[in-house]
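Counting in my numbering, the sequence shown runs from 1 upward without gaps.
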Amino acid sequence: MTDGYGHGQGRQLLVRGETFAATDPSGALTAVRDGSSPDGLFVRDARHLCRWQLTVDGAAPEVLMPMSYEEEGVGRCVLVPRGGRQEPSAYTLFREQAVTEGSFVELLKVVSNRPAPTTVRVALTVDADFTDQFELRSDHRTYQKPGAVRTREVLDDGVEFTYTRGDWRSSTTVTSEPAPDAVEETGTGARRLVWTLDLAGQGGAELALRVVARPSGAEPTGVSADGAAASPAAVAAELARTVGEFTEGVELPGAWPELADACTRGLADLAVLRVPAAGPDGERHLVPAAGVPWFLTLLGRDALLTSLFTLPYRPELAAATLPVLAATQATEQVEGAVAQPGKIVHEVRHGELAHFGQVPYGRYYGSVDATPLFLILLGAYVEQTADVTLARRLESHARAAVGWMLDHGGLTSRGYLVYRADRGGGLANQNWKDSPGAICSADGGRATGPVMAAGAQGYAYDALRRTATLARTIWDDTVYADLLTQAASDLRDRFVRDFWMEEAGFPALALDGEGRQLDALASDAGHLLWSGLLDKEYGEAVGRRLLEPDFFSGWGVRTVASGQAAYHPLSYHRGSVWPHDNALIALGLARYGLHDEARTVAGGLIAASTACGGRLPEVIAGYASSAYPAPVPYPHACTRESRSAATPLALLSAVGG
Numbered sequence: 001m002t003d004g005y006g007h008g009q010g011r012q013l014l015v016r017g018e019t020f021a022a023t024d025p026s027g028a029l030t031a032v033r034d035g036s037s038p039d040g041l042f043v044r045d046a047r048h049l050c051r052w053q054l055t056v057d058g059a060a061p062e063v064l065m066p067m068s069y070e071e072e073g074v075g076r077c078v079l080v081p082r083g084g085r086q087e088p089s090a091y092t093l094f095r096e097q098a099v100t101e102g103s104f105v106e107l108l109k110v111v112s113n114r115p116a117p118t119t120v121r122v123a124l125t126v127d128a129d130f131t132d133q134f135e136l137r138s139d140h141r142t143y144q145k146p147g148a149v150r151t152r153e154v155l156d157d158g159v160e161f162t163y164t165r166g167d168w169r170s171s172t173t174v175t176s177e178p179a180p181d182a183v184e185e186t187g188t189g190a191r192r193l194v195w196t197l198d199l200a201g202q203g204g205a206e207l208a209l210r211v212v213a214r215p216s217g218a219e220p221t222g223v224s225a226d227g228a229a230a231s232p233a234a235v236a237a238e239l240a241r242t243v244g245e246f247t248e249g250v251e252l253p254g255a256w257p258e259l260a261d262a263c264t265r266g267l268a269d270l271a272v273l274r275v276p277a278a279g280p281d282g283e284r285h286l287v288p289a290a291g292v293p294w295f296l297t298l299l300g301r302d303a304l305l306t307s308l309f310t311l312p313y314r315p316e317l318a319a320a321t322l323p324v325l326a327a328t329q330a331t332e333q334v335e336g337a338v339a340q341p342g343k344i345v346h347e348v349r350h351g352e353l354a355h356f357g358q359v360p361y362g363r364y365y366g367s368v369d370a371t372p373l374f375l376i377l378l379g380a381y382v383e384q385t386a387d388v389t390l391a392r393r394l395e396s397h398a399r400a401a402v403g404w405m406l407d408h409g410g411l412t413s414r415g416y417l418v419y420r421a422d423r424g425g426g427l428a429n430q431n432w433k434d435s436p437g438a439i440c441s442a443d444g445g446r447a448t449g450p451v452m453a454a455g456a457q458g459y460a461y462d463a464l465r466r467t468a469t470l471a472r473t474i475w476d477d478t479v480y481a482d483l484l485t486q487a488a489s490d491l492r493d494r495f496v497r498d499f500w501m502e503e504a505g506f507p508a509l510a511l512d513g514e515g516r517q518l519d520a521l522a523s524d525a526g527h528l529l530w531s532g533l534l535d536k537e538y539g540e541a542v543g544r545r546l547l548e549p550d551f552f553s554g555w556g557v558r559t560v561a562s563g564q565a566a567y568h569p570l571s572y573h574r575g576s577v578w579p580h581d582n583a584l585i586a587l588g589l590a591r592y593g594l595h596d597e598a599r600t601v602a603g604g605l606i607a608a609s610t611a612c613g614g615r616l617p618e619v620i621a622g623y624a625s626s627a628y629p630a631p632v633p634y635p636h637a638c639t640r641e642s643r644s645a646a647t648p649l650a651l652l653s654a655v656g657g
């Protein structure tokens with residue numbers, strides 16, 4: 001099964017931690033700039049390998065079997081020289097590729113198909129451009145890089161590329177066993193590694209190729225003491241051990257094998273989507289990255305929701321995510337980063353542009369909902385595990401997060417969590433629907449001024465209640481607990497008054513700065529069920545409404561109901577179907593006793609997963625399942641995304657198998 005679903009040109013993805021490789025069907029990298037799917041070897045937001053192009057006897061071979069991803073973490077393809085029907089191929093090439101943290105390995109086997117000895121000339125053109133991922137996006141932005149210098153140094157067994165700009169220094173080393181006979185210049189900055197291989201009749205030869213990336217400010221992991229990465233076989237063995245440890249002991253539903261398969265695949269993806277990060281005392285944790293290809297990094301909201309979905313099955317994700325987010329919690333106001341004391345980080349980036357402040361995402365706090373979700377996860381972790389150690393350790397961080405909600409967040413002054421568009425190059429919308437125009441009226445009109453998004457108010461309500469429980473039972477502070485309980489009760493009372501649309505029988509998507517309702521019928525209402533913000537009568541009405549045909553596509557609940565001017569089936573947040581959004585809806589439906597509806601949502605998502613080869617993408621188009629027999633891809637979706645990988649486990653919690 002190819003990982004090309006919605007990823008452009010059927011590119012193959014190999015992923016491990018902060019490292020991923022995206023190749024074409026032949027296993028090549030071509031430095032093609034395509035906003036939907038960059039190719040290359042990427043480590044910590046930078047492309048450390050942009051060309052990896054094979055020729056044999058001066059010509060590029062053709063694909064006999066395209067690169068396909070095997071479950072053990074190795075990509076394989078078969079190539080042959082170009083020829084005609086009348087003359088069988090003189091040789092066959094078998095490629096095996098894999099990645100570990102900071103490295104890429106390939107085993108290339110050249111096998112003669114003729115009885116007499118023969119000689120073949122194998123050449124591999126390689127290059128490293130060290131392009132920041134933000135430069136490869138299709139947003140038409142350009143970035144100046146004054147003083148940048150690239151160098152190439154020929155080694156005994158390969159070549160090393162380096163990139164420096166001020167205090168920023170990265171390198172990529174390409175080596176081979178056996179060593180190349182020559183390393184040639186190409187006139188483009190790339191280098192060509194050349195081997196002359198003598199093949200016996202029906203015999204073969206192997207090249208073991210290794211790439212080690214050293215990002216600026218970080219040391220590579222997953223490599224041996226001499227800097228050489230493991231072989232594909234070694235990668236497969238190590239990955240099998242890691243995935244086995246992560247999936248072991250999770251009880252899966254025997255009565256619903258498709259759901260069980262989706263859970264298994266999701267756990268396997270989560271095992272490789274974890275990235276290293278530090279806690280408050282500098283201790284190392286592995287936390288869920290958001291997704292590939294564009295977000296293989298820590299995003300606060302994504303890591304929190306992933307950890308919540310997996311909490312009953314893999315509480316160690318929550319135990320890692322909470323201290324890491326505490327360590328990155330804002331302690332002062334920083335305008336360019338949208339940081340305020342107590343706020344939980346939205347996005348952490350390690351690339352060159354973030355380092356030099358050319359994008360604001362080094363540590364970026366443009367999220368209205370990560371902070372309440374942090375408190376929800378902390379409370380849920382204690383409830384699930386009965387382990388109070390983390391709640392005690394993070395008490396000051398939790399209190400600071402509550403302080404942000406009450407003060408900077410707007411609960412005290414405005415009655416709701418409020419955000420304002422970031423005019424400094426960051427996000428205009430700062431709830432989970434963060435694309436431009438996502439928060440809108442039914443006619444498609446955009447929100448102006450300060451925005452109070454409905455879903456975030458539900459998170460705030462749940463966060464206040466859960467933190468009150470921590471204060472009462474663990475921190476021995478009943479006064480604080482009573483304050484938070486009252487604040488939650490007051491929020492619930494005024495929410496229905498201000499957000500409920502009587503004629504529609506449904507809550508508004510948001511309020512604008514003047515308190516006017518943005519009346520789009522949107523899936524965010526389902527998040528209110530998950531949070532428990534609505535009373536039973538309103539909650540049941542909302543839950544049933546979400547299963548009407550304008551909302552429910554057959555694959556899941558649309559972000560915006562069809563039939564409204566705002567609806568577009570290929571919009572990122574105005575008509576598409578998001579698995580994690582539907583996971584929250586299913587959990588909310590179950591909370592309000594709407595078990596048949598929850599099972600309907602789960603059934604649609606699992607059918608989508610099966611149709612997508614067993615893996616839920618980040619998002620799919622909003623077309624009805626009756627219109628086409630498989631989910632229509634959203635063009636720019638992450639093919640592996642932590643929230644989507646965790647969604648089957650949330651569905652398991654919602655429907656019980």
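The beta carbon of each residue, even a glycine, is placed where N, CA and C say it ideally should be.
Source: prediction; values computed, not measured.
Check                                                                                                            : Outcome
Rounded C-alpha distance that separates Ser531 from Trp52                                                        : 49 Å
Given Val348 as reference, the closest of Pro341, Gly588, Ala327 once Cα atoms are compared                      : Ala327
N- and C-terminal bounds of the alpha helix (DSSP H) containing His527                                           : 524 to 531
DSSP bridge partner residues for Trp432 (one or two, in chain order)                                             : Bridge partners of Trp432: none, in fact.
Counterpart residues of Met501 in DSSP-defined beta bridges                                                      : Phe506
Exposed unless 16 or more other CB atoms sit within 10 angstroms - verdict on His140                             : exposed
Simplified DSSP state of Ile344, which is helix, strand or coil                                                  : coil
Nearest-angstrom beta carbon gap, Thr485 and Ala468 [assumed within contact, 8 Å]                                : 5 Å
Proximity of Pro312 and Ser653 at Cβ, strictly below 8 Å                                                         : yes
Rounded straight-line distance, which links the Cα of Asp422 to that of Arg574                                   : 21 Å
Separation of Pro579 from Pro253, as counted between CA atoms                                                    : 20 Å
Sequence-distant residues of its chain with Cβ nearer than 6 Å to Tyr381 (five each side left out)               : Ala318
Spatial neighbours of Leu54 in its chain, beta-carbon cut-off 6 Å, leaving aside the 5 residues before and after : Leu124
Whole-Å CB distance - Leu589 paired with Ala583, under 8 Å assumed                                               : Leu589 to Ala583, Cβ: 11 Å. No contact.
Under 8 Å between C-beta atoms of Leu377 and Val402                                                              : no
Buried or exposed (CB count within 10 angstroms, at least 16 for buried), Ala116                                 : exposed
Reduced DSSP category for Leu93 - H, G, I as helix; E, B as strand; rest coil                                    : strand
Phe552 versus Ala602: straight-line alpha-carbon distance, rounded                                               : 12 Å
Reduced DSSP secondary structure (H/G/I, E/B, other) of Ile620                                                   : strand
Asp524 classed as buried or exposed, judged by whether at least 16 other C-beta atoms fall within 10 angstroms   : buried
Inter-residue spacing [alpha-carbon to alpha-carbon] between Val223 and Pro633                                   : For Val223, the pLDDT reaches just 47, beneath the cut-off of 50, and the residue's location in the model is therefore unreliable, although a value from the coordinates is still provided. When rounded, the distance between both Cα atoms is 36 Å.
N-terminal and C-terminal residue of the alpha helix (DSSP H) that Pro232 is part of                             : 232 to 247
Glu251 versus Ala442 - alpha carbon distance                                                                     : 43 Å
Alpha-carbon to alpha-carbon, Tyr459 and Tyr364                                                                  : 20 Å
Ranges of the alpha helix (DSSP H) found wholly within the region 557 to 603, counting only runs of at least 4   : 579 to 591
With 16 other Cβ atoms within 10 Å as the buried cut-off, status of Asp156                                       : exposed
Exposure of Thr306, with buried meaning 16 or more beta-carbon neighbours within 10 Å                            : buried
Straight-line gap, Ser435 to Arg446 (C-alpha atoms, nearest Å)                                                   : 11 Å
CB of Gly73 within 8 Å of CB of Val235, strictly                                                                 : yes
Buried versus exposed, by CB contacts within 10 Å (16 or more), Gln97                                            : buried
Euclidean distance between Cα positions of Leu651 and Leu529                                                     : 15 Å
Whole-angstrom C-beta distance between Leu108 and Arg121, which should lie under 8 Å                             : Not confirmed; about 14 Å, so no contact.
Outcome for Asp226 when other beta-carbon atoms lying within 10 angstroms are tallied against a minimum of 16    : Its pLDDT being 45, under 50, Asp226 is placed unreliably in this model, and the value from its coordinates should be taken loosely. By the 10 Å Cβ count, Asp226 comes out exposed.
Simplified DSSP state of Val154, which is helix, strand or coil                                                  : strand
Burial state of Met65, where buried means 16 or more other Cβ atoms lie within 10 Å                              : exposed
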